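Asker:
Residue numbers (my numbering): 1272 to 1330.
#1: Short check: CB of residue 1303 to CB of residue 1286, under 8 Å?
#2: Out of 1319, 1312, 1323 and 1326, state which residue places its alpha-carbon closest to the alpha-carbon of residue 1276.
#3: Tell me the rounded alpha-carbon separation between residue 1292 and residue 1299.
#4: My understanding is that residue 1306 touches residue 1274, with C-beta atoms under 8 Å, so please give their C-beta distance in whole angstroms.
#5: Do residue 1315 and residue 1279 count as a contact pair if the criterion is CB distance below 8 Å?
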């Protein structure tokens, strides 16, 4: 989950940059969207891992 938090922080930072540098906002907003997609991919991956059926080890 640390990686998820990093993605969200980077997304937020990019959105802040876009507001401070309007002439380059398109670039910063595109980067923010990339971080958002990465965070969503991590959530989906985590969901799949958590919902795997539990298999019993051969005894």
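Every residue gets a Cβ at the ideal spot worked out from N, C-alpha and C, and that includes glycine. Note that this is a predicted model, so its numbers are computed, not measured.
Answerer: The structure says:
#1: yes
#2: For residue 1276, the nearest C-alpha among the options comes from 1312.
#3: Those two C-alpha atoms are separated by around 9 Å.
#4: With a Cβ gap of about 11 Å, residue 1306 and residue 1274 do not count as contacting.
#5: no
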